[in-house]
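Protein sequences, first through last, are from chains A and B.
Mapping of the first sequence onto my numbering: position 133 corresponds to residue 133, and the numbering continues sequentially without gaps.
Mapping of the second sequence onto my numbering: position 56 corresponds to residue 56, and the numbering continues sequentially without gaps.
Ideal Cβ positions, reconstructed from N, Cα and C, are used throughout, including at glycine.
These figures come from a predicted structure and were not determined experimentally.
Below: the structure, in structure tokens.
2 protein chains.
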Amino acid sequence: MKKKITISDIARELNTTASTVSRALSDDSRISKAKKKLVWKKVSELQYQPNSIASALRKGKSNVIGVIVPTSDRQFFASFIRGIEEIVREEGYRLIICQSDEQYDKECTSIDSLLNIRVDGIIASVAKNTVDFSHFKKIESQGVPLVLFDRVIETMNVNLVYSDDYYGAYRAVSHLIEQGCRRIAHFAGKQHIHIYQNRLKGYLQAIRDHHLPVDDELIIETDLIHDTYSILEIGKVLAKKLSEMPERPDAIFSSSDFAAMGALQFFKENNIAVPDEMALVGYSNDFSSSVIEPSLTTLDQHTSHMGNEAARHFLYQIITKPEYFKPRKTLLKPELVIRNSSLRRNVIPT
Amino acid sequence: MKKKITISDIARELNTTASTVSRALSDDSRISKAKKKLVWKKVSELQYQPNSIASALRKGKSNVIGVIVPTSDRQFFASFIRGIEEIVREEGYRLIICQSDEQYDKECTSIDSLLNIRVDGIIASVAKNTVDFSHFKKIESQGVPLVLFDRVIETMNVNLVYSDDYYGAYRAVSHLIEQGCRRIAHFAGKQHIHIYQNRLKGYLQAIRDHHLPVDDELIIETDLIHDTYSILEIGKVLAKKLSEMPERPDAIFSSSDFAAMGALQFFKENNIAVPDEMALVGYSNDFSSSVIEPSLTTLDQHTSHMGNEAARHFLYQIITKPEYFKPRKTLLKPELVIRNSSLRRNVIPT
DNA sequence: ACCGCTTGTGCAATCGTTTGCGCAATACGG
DNA sequence: CCGTATTGCGCAAACGATTGCACAAGCGGT
């Protein structure tokens with residue numbers, strides 16, 4: 001192990017003290033230009049690397065933001081993280097990324113470690129089974145800025161960034177109705193998760209607004225959070241179930257791209273024409289939805305934009321005095337990306 | 001800001017000193033069981049959160065590993081990161097993830113910040129344009145353990161984890177030949193990157209070993225590192241070029257799944273039958289390659305396994321005395337995942 | 001009664017930076 | 001020539017946990 005050189009080493013060589021060097025490095029106005037030059041010269045000469053640990057300890061600020069995601073290998077979360085990074089990197093913040101793997105206890109330990117290393121803030125999306133929020137309350141109570149995104153906890157008074165799932169679903173279903181669909185099924189996610197609840201609400205409202213009957217049989221609640229290949233399978237199974245109904249539906253709005261794609265594969269294998277006999281809309285605009293045949297209509301949530309917003313919320317909270325601070329909530333509208341799985345050729349666009 | 005409670009607060013309440021508390025918490029044998037109980041009780045009573053910054057400063061160890069990836073929104077890197085995490089989390093290490101965005105200068109600053117915060121090690125894949133390696137040398141010279149993966153620098157004497165690209169390519173091309181293909185084109189990546197170089201070598205060797213002619217016209221070198229949608233386009237353009245050749249090739253081995261998929265889309269649009277007129281093999285086994293129609297044959301690199309290995313290399317180096325330490329190199333064999341894009345029906349499997 | 005040993009605890013320095021405060025030197029106005 | 005700014009820098013105390021060393025008390029053996 002080579003001995004690391006410190007601020008005092010520099011000071012010694014320059015016949016001055018650590019304080020002066022420190023101030024010179026932080027461009028303090030009380031240090032003369034000449035001295036600063038000298039210091040900078042020595043710094044590069046000795047290849048000095050500041051020790052941010054020491055600095056963090058003294059300043060009580062680590063310049064690190066903790067990010068907790070259920071999993072980082074979904075495009076959704078990956079591009080969200082990229083979105084955060086884009087914004088905070090120029091302010092000198094680094095990210096430390098924890099995966100909860102959708103498990104409550106990993107979520108807890110992640111939060112603990114992040115607090116231990118004294119992150120300056122935490123940006124998180126809650127795991128699918130989390131119903132107790134005391135660990136998030138702890139973050140607040142320690143005075144650490146918190147931003148929740150996507151799977152948020154609406155009852156907590158913190159910064160929020162989420163997508164307007166109600167709108168997205170409403171938009172998707174209205175689109176299907178415009179295409180002439182009259183019996184629209186819905187692959188709904190587990191209803192204790194807000195986003196899935198809102199998508200179901202949007203679905204219902206759209207149906208009602210267009211004076212169509214709501215059929216509970218067509219609403220299938222299932223766990224849409226798994227690895228991609230499993231959800232694909234789930235989609236196939238559900239598609240089979242729907243196709244065997246006496247009065248077969250003519251469209252599906254799925255809360256997951258992958259379930260929609262699984263369904264699509266089933267229909268192709270069983271010669272049910274998509275979109276003409278069965279139109280499909282997914283959710284999230286995963287890359288794969290653009291290459292599957294027919295390509296899948298879906299909702300793009302502009303995830304990296306969500307990341308940007310989350311980052312900005314954090315930065316805003318940092319510069320605001322606690323007594324003046326009020327949490328901010330951003331609700332972003334998803335965009336319907338219309339592709340072939342829902343585009344019937346004999347329909348005249350309105 | 002609520003005042004954080006420290007080890008000395010605990011000590012004061014217990015009429016003892018910080019040293020005793022510290023030792024009690026680290027389960028030092030010199031502290032009596034009784035005292036330890038008392039300490040633990042107070043700890044939970046006061047909701048004490050250890051300050052790892054202070055600890056890191058004193059111990060010269062942060063329990064953080066820096067990971068540098070070109071981009072985290074590729075499945076490849078995401079699952080690699082997951083692979084690392086799996087192994088190191090139980091040893092108490094956290095990950096801090098930096099994206100170089102394939103840019104040399106971001107790579108440099110990432111390394112600098114990681115060294116500043118005194119990470120215990122760095123696991124990195126080099127950016128596509130990096131040709132000067134002094135920043136990686138710096139990591140070594142500071143005595144910080146380094147593991148390079150996938151896009152490695154073979155001339156550096158550090159831990160390496162990479163995939164046997166030569167083997168993968170050889171395997172892919174042999175498979176195409178077994179399927180009856182005789183004029184096989186190759187979408188090659190830029191040749192200053194080792195992995196693409198090795199894939200080209202594997203391609204060439206397989207052709208030669210099967211006594212087929214090598215046609216330079218069929219080898220197209222192009223930049224395969226971009227966002228997915230752009231590579232898709234590149235694939236289409238190249239496919240067009242190939243399809244217009246007087247002697248049209250009957251197969252493509254692409255160093256990128258996305259380029260292969262782009263080509264596939266072009267062939268479908270232009271009624272060139274895949275795999276019968278044109279067989280296709282991609283590289284990486286991205287999820288989308290399984291849903292495109294026909295599904296794409298490709299090479300799976302077992303990325304999360306690569307992550308496991310990288311993590312183990314790091315842990316090994318950590319526990320080994322520098323004077324006994326020798327870098328370890330792991331070369332993993334990719335697996336050919338045979339799907340419909342290359343599977344000709346009239347071929348009897350051998 | 002004395003010595004040595006074990007067991008449990010405290011003292012104080014240390015990790016590398018930052019920062020409030022004080023002090024000298026110079027400048028400037030009257 | 002004195003008083004008051006202004007400029008430039010050093011002293012020393014933090015930040016919170018860790019750790020080498022000393023030391024005290026208790027015990028047993030001679």
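Against chain B, the CB of Tyr-316/A has no partner CB under 9 Å away; the residue lies outside that interface.
Ser-8/A has its alpha-carbon roughly 35 Å from the corresponding atom of Ala-311/B. CA-to-CA, the gap between Ser-295/A and Asn-340/A works out to about 5 Å. In this structure, Thr-298/B and Ser-289/B form a Cβ contact; the two beta carbons are roughly 5 Å apart against a cut-off of 8 Å. Within the segment 263-291 of chain B, the residues whose Cβ lies closer than 7 Å to some Cβ of chain A are Phe-287, Ser-288, Val-291, listed in chain order. Between the beta-carbon of Ile-123/A and that of Val-147/A there is about 5 Å, and that keeps the pair under the 8 Å contact cut. Put simply, the backbone Cα of Pro-246/A is about 16 Å away from that of Ile-220/A. According to the DSSP secondary-structure assignment, Leu-146/A is paired through a beta bridge with Ile-122/A.
Using a CB distance below 7 Å, the part of the segment 105-123 of chain B facing chain A consists of Ser-113, Leu-115, Asn-116, Ile-117, Arg-118, ordered along the chain. DSSP lists Val-161/B as the beta-bridge partner residues of Thr-330/B.
For a Cβ distance threshold of 7 Å, residue set Leu-95, Ile-97 of chain A lies close to Ile-97/B, ordered along the chain. If only complete runs of 4 or more residues are kept, the segment 251-338 of chain A shows the alpha helix (DSSP H) at 257-269, 288-291, 303-319, in order along the chain. For the segment 78-126 of chain B, the full-length beta strand (DSSP E) segments reaching 3 residues or more read 94-99, 121-124 along the chain.
Any Cβ of chain B closer than 9 Å to the Cβ of Leu-299/A would place that residue at the interface, and such an atom is absent. Put simply, the CB of Lys-137/A is far from chain B, with every gap to its CB atoms at 9 Å or more. DSSP places Phe-187/A within a strand segment (E or B) once states are collapsed to three. Within the same chain, Cβ atoms closer than 8 Å to the Cβ of Gly-92/A are found at Asn-63, the five residues on either side in sequence being excluded. For Met-156/A, the nearest beta carbon of chain B is not closer than 9 Å to its own beta carbon. With 16 or more other Cβ atoms inside 10 Å of its own Cβ, Arg-94/B counts as buried.
Under the three-state reduction of DSSP, Glu-140/B is assigned to helix.
Among the residues of chain A, those whose CB is under 8 Å from the CB of Met-261/B are Val-291, following chain order. Distance from the CA of Glu-140/B to the CA of Phe-149/B, rounded to the nearest whole angstrom, comes to 16 Å.
At the C-beta level, Gln-301/A and Phe-136/A stay beyond 9 Å of one another. DSSP places Ile-207/A in the helix class (H, G or I) of the three-state scheme.
The beta-carbon of Val-214/B is placed no less than 9 Å from the nearest beta-carbon of chain A.
Between the segment 252-268 of chain A and the segment 162-176 of chain A there are three or more C-beta pairs closer than 8 Å, enough to call the two in contact. When DSSP reads this structure, Glu-221/A sits in a beta bridge with Ala-188/A.
Under the DSSP assignment, Ile-231/A falls in the alpha helix (DSSP H) whose first and last residues are 228-243. The alpha-carbon of His-211/A is positioned some 13 Å away from that of Gly-180/A. Counting along the chain, the unbroken alpha helix (DSSP H) around Ile-53/B starts and ends at 52-59. Against chain B, a Cβ distance below 8 Å from Ser-79/A picks out Asp-73.
Cβ proximity to chain B below 8 Å picks out Gln-49, Pro-50, Asn-51, Ser-52, Ile-53, Ala-54, Ala-56, Leu-57 from the segment 30-57 of chain A. C-alpha of Lys-41/A to C-alpha of Thr-130/B: approximately 28 Å in a straight line. One Cα belongs to Pro-249/B, the other to Leu-176/B, and the distance between them is close to 12 Å. For Ser-62/A, a Cβ of chain B is located within less than 9 Å of the residue's own Cβ. The C-alpha of Ile-318/B is placed about 53 Å away from the C-alpha of Glu-269/A.
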